[in-house]
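Only one structure is covered here, and it is reproduced in the block below.
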Amino acid sequence: MLRNGHLLTLSSTLTSVIGFFFWTVAAWKYDPATVGRNSAAISLMVFVAAIAQLNLSSAVVRFVPVSGRRTTSLIVVMYCVSGCVALVVGVCAVAILKVLTPDLAFFDGGLPQAMFVAATVIYTIFVIQDSVLFALRRPALVPLENFVTAVLRVGLVVALAAVVPRHGIFASWVLALGCIVLAVGVFVFARAIPRHRREAEGVDELPPSRQIVRFVAWDYLGSISSIGSTSVIPLIVVAILGAEQNGFFAVAWLIASALYLVSFNMGFSLVMESAADQSRLGRQVRDVLVHTGKLMALVVVVLVVFAPYLLGIFGHSYQAADNTLRLLALAALPNLVVVTAINSSRAQRRMGLVVWTQIAQCLLVLPLTWLLLPEVGLIGVAIAWLVTQLLISGALLVRRDLWLTVRPAQSPGTMALVEGEPTPCR
Numbered sequence: 000m001l002r003n004g005h006l007l008t009l010s011s012t013l014t015s016v017i018g019f020f021f022w023t024v025a026a027w028k029y030d031p032a033t034v035g036r037n038s039a040a041i042s043l044m045v046f047v048a049a050i051a052q053l054n055l056s057s058a059v060v061r062f063v064p065v066s067g068r069r070t071t072s073l074i075v076v077m078y079c080v081s082g083c084v085a086l087v088v089g090v091c092a093v094a095i096l097k098v099l100t101p102d103l104a105f106f107d108g109g110l111p112q113a114m115f116v117a118a119t120v121i122y123t124i125f126v127i128q129d130s131v132l133f134a135l136r137r138p139a140l141v142p143l144e145n146f147v148t149a150v151l152r153v154g155l156v157v158a159l160a161a162v163v164p165r166h167g168i169f170a171s172w173v174l175a176l177g178c179i180v181l182a183v184g185v186f187v188f189a190r191a192i193p194r195h196r197r198e199a200e201g202v203d204e205l206p207p208s209r210q211i212v213r214f215v216a217w218d219y220l221g222s223i224s225s226i227g228s229t230s231v232i233p234l235i236v237v238a239i240l241g242a243e244q245n246g247f248f249a250v251a252w253l254i255a256s257a258l259y260l261v262s263f264n265m266g267f268s269l270v271m272e273s274a275a276d277q278s279r280l281g282r283q284v285r286d287v288l289v290h291t292g293k294l295m296a297l298v299v300v301v302l303v304v305f306a307p308y309l310l311g312i313f314g315h316s317y318q319a320a321d322n323t324l325r326l327l328a329l330a331a332l333p334n335l336v337v338v339t340a341i342n343s344s345r346a347q348r349r350m351g352l353v354v355w356t357q358i359a360q361c362l363l364v365l366p367l368t369w370l371l372l373p374e375v376g377l378i379g380v381a382i383a384w385l386v387t388q389l390l391i392s393g394a395l396l397v398r399r400d401l402w403l404t405v406r407p408a409q410s411p412g413t414m415a416l417v418e419g420e421p422t423p424c425r
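Per numbering that gives the first Met the number 0, the sequence shown starts with residue 0, numbered consecutively.
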């Protein structure tokens, strides 16, 4: 479990390091306002893609390992459903934004709008493909895939600076993702799935479709709340403080987000490794908390001490976000508890706790951000985020019996999800 988590963390680390370089290059090649607008557009695209992909990544990791001969059909259905939804939601998002925020200059013209819709579809498939590789026991390919994607982005953001100066940052994302999705898709269906089916010969523990749909529905609701609590923040910053301040926030969040990806990856590995056998889940959860907590504490200290120097790489003006970065880094420690509790509950199909934890995060951080930004400036985002993580992690530790106590194991075929809790089928 820890090995797979470390592979995903390696993937995130490589992506973050190159992403750091990507935004450094972007800050050199584009003015802060352009960086802010493109960053907000990318955050919005990620949020819209999260809506469109229905959080099927979790379902892939939870059910593909036990799907046996039905692996191909399961993955195809998930790709098709998420791709079609992404197309519709992307078009609707552009139409709504033109009405609600006519001053958002990024979406002026048909080409940027079409690029946004295309990016939404491509990114949706890209996210699910990572989970497919992981579920098919090819986790070592995930770092390679993300590394190549990140390198392509860097090359493209430089090449496009003179060609499309207003949208070059966003366009580099679209083109890089498109190339990788095509290449990985060919590999998955030509090599990875046939091998998985051969190795899983005779194994077919995929639950009935209605149980998968219920799992996805509950998990999706929680995921939208979680993604919304991060992806909507840049839009709030732009609306209250302007695009330039959001450019500063985007860089601070980029650096701090590397810590949050460690928690996410370890939780992802926890779900996959406990999908078939939950007898050791309690011990695995504690291992994740202790092992990951030690690693993250060291990185937090580094970020707190060297925050202004790291931000200074992007330009002297970005150092204005040093305290914002410090608080975002500190918040990663309570967030580890939150993410681990969510994934422990997800592995046990205790979807009620998964949903309400993420809804609480969204309902706390967004109003706090809106209230604090006009009063204290950009650091208000970090204060809101830290307070939210402390409150939720504290509540989860007090009621740790809800996610640490493992119920008696039952086979996938005898479980159903009724109002977010596993109960015997009738």
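Using N, Cα and C, we set each Cβ at its ideal position, and we do this for glycine too. Nothing here was measured: the structure is a model prediction, and the numbers come from that model.
Asked                                                                                                                                                                             : Found
Counting Cβ pairs closer than 8 angstroms, one from the region 324-340 and one from the region 374-381, do we hit at least three?                                                 : yes
Please identify the residue among Arg136, Ala118, Lys28, Leu86 whose C-alpha is closest to the C-alpha of Leu159.                                                                 : Lys28
Identify every run of the alpha helix (DSSP H) within the region 334-397, keeping only runs that are complete inside it and at least 4 residues long; order them along the chain. : 350-375, 378-397
Count the other C-beta atoms from every protein chain shown that fall within 10 angstroms of the C-beta of Ala426, then say buried if there are 16 or more, exposed otherwise.    : A query on residue 426 cannot be resolved here, the shown segment of the chain reaching from 0 to 425 and no further.
Could you tell me whether the region 51-64 touches the region 93-100, using the rule of 3 or more Cβ pairs below 8 angstroms?                                                     : no
On the three-pair Cβ rule with 8 angstroms, is the region 353-367 touching the region 391-402?                                                                                    : yes
In chain order, what are the residue ranges of uninterrupted beta strand (DSSP E) at least 3 long that sit wholly in the region 44-130?                                           : none
Can you grab the Cα-Cα spacing for the pair Ala189 / Val270, in whole Å?                                                                                                          : 26 angstroms
Count the CB pairs spanning the region 18-34 and the region 44-58 that are closer than 8 angstroms, and state whether there are at least three.                                   : no
Under a three-way DSSP split, which group does Pro164 fall into?                                                                                                                  : coil
Alpha helix (DSSP H) containing Val153: first to last residue?                                                                                                                    : 140-158
Buried or exposed: which applies to Ile17, given that a residue is buried once 16 or more other Cβ atoms fall within 10 Å of its Cβ?                                              : buried
On the criterion of 16 or more Cβ atoms from any shown chain inside 10 Å, does Ser56 qualify as buried, or is it exposed?                                                         : buried
Can you tell me where the alpha helix (DSSP H) holding His290 begins and where it ends?                                                                                           : 280-311
Leaving out five residues before and five after Val299 in sequence, what residues of the same chain have Cβ atoms less than 8 angstroms from its Cβ?                              : Leu258, Ala328, Leu329, Ala331, Leu332
Could you tell me the alpha carbon to alpha carbon distance between Leu13 and Ser230, rounded to whole angstroms?                                                                 : 22 angstroms
Return the CA-CA distance between Cys178 and Val47, expressed in angstroms with no decimal places.                                                                                : 21 angstroms
Between Cys79 and Arg209, what straight-line distance do the alpha-carbon atoms span, to the nearest angstrom?                                                                    : 18 angstroms
Applying the 10 Å Cβ sphere with the 16-neighbour rule, what's the burial state of Leu241?                                                                                        : Strictly speaking, residue 241 in this sequence is Gly, with Leu absent from that position. Gly241 comes out exposed.
Alpha carbon to alpha carbon, how far is Val120 from Val87?                                                                                                                       : 9 angstroms
Cα-Cα, which of Leu155, Phe263, Gln283 is closest to Glu272?                                                                                                                      : Gln283
Just to confirm, are Phe115 and Val93 a CB contact at a threshold of 7 angstroms?                                                                                                 : yes
By how many angstroms is the C-alpha of Ala26 removed from the C-alpha of Leu310?                                                                                                 : 11 angstroms
Tell me which residues share the same chain as Ser171 and place their Cβ nearer than 7 angstroms to its Cβ, disregarding the 5 neighbours each side in the sequence.              : Arg152, Leu155, Val156, Leu159
Whose C-beta lies closer than 7 angstroms to the C-beta of Ile232 among residues of the same chain, with five residues either side of it excluded?                                : Thr368, Val380
What would DSSP say about Glu198, mapped onto helix, strand or coil?                                                                                                              : helix
Verify the contact flag: Asn245, CB atom, against every heavy atom of the ligand FAD, threshold strictly below 6 angstroms.                                                       : Although the ligand FAD was asked about, the structure shown includes no ligands whatsoever.
Would a C-beta distance cut-off of 7 angstroms place Ala216 and Leu135 closer than the cut-off?                                                                                   : no
Between the C-alpha atoms of Leu396 and Gly227, what's the straight-line distance to the nearest angstrom?                                                                        : 24 angstroms
How about Val65 and Leu205: do their beta carbons lie closer than 7 angstroms?                                                                                                    : yes
Per DSSP, what kind of secondary structure is Tyr29 in: helix, strand or coil?                                                                                                    : coil
Relative to the alpha-carbon of Leu352, which residue among Lys293, Asp400, Leu365 has its alpha-carbon at the smallest distance?                                                 : Asp400
Quick one: measure Cβ to Cβ for Asn334 and Ser225, integer angstroms, because I've assumed they're closer than 8 angstroms.                                                       : Rounded, the Cβ-Cβ distance is 11 angstroms, inconsistent with contact.
Nearest CA to the CA of His166: which residue from Ile124, Ile239, Asp107?                                                                                                        : Asp107
Leu385: which of Arg398, Leu365, Arg279, Leu403 sits nearest, CA to CA?                                                                                                           : Leu365
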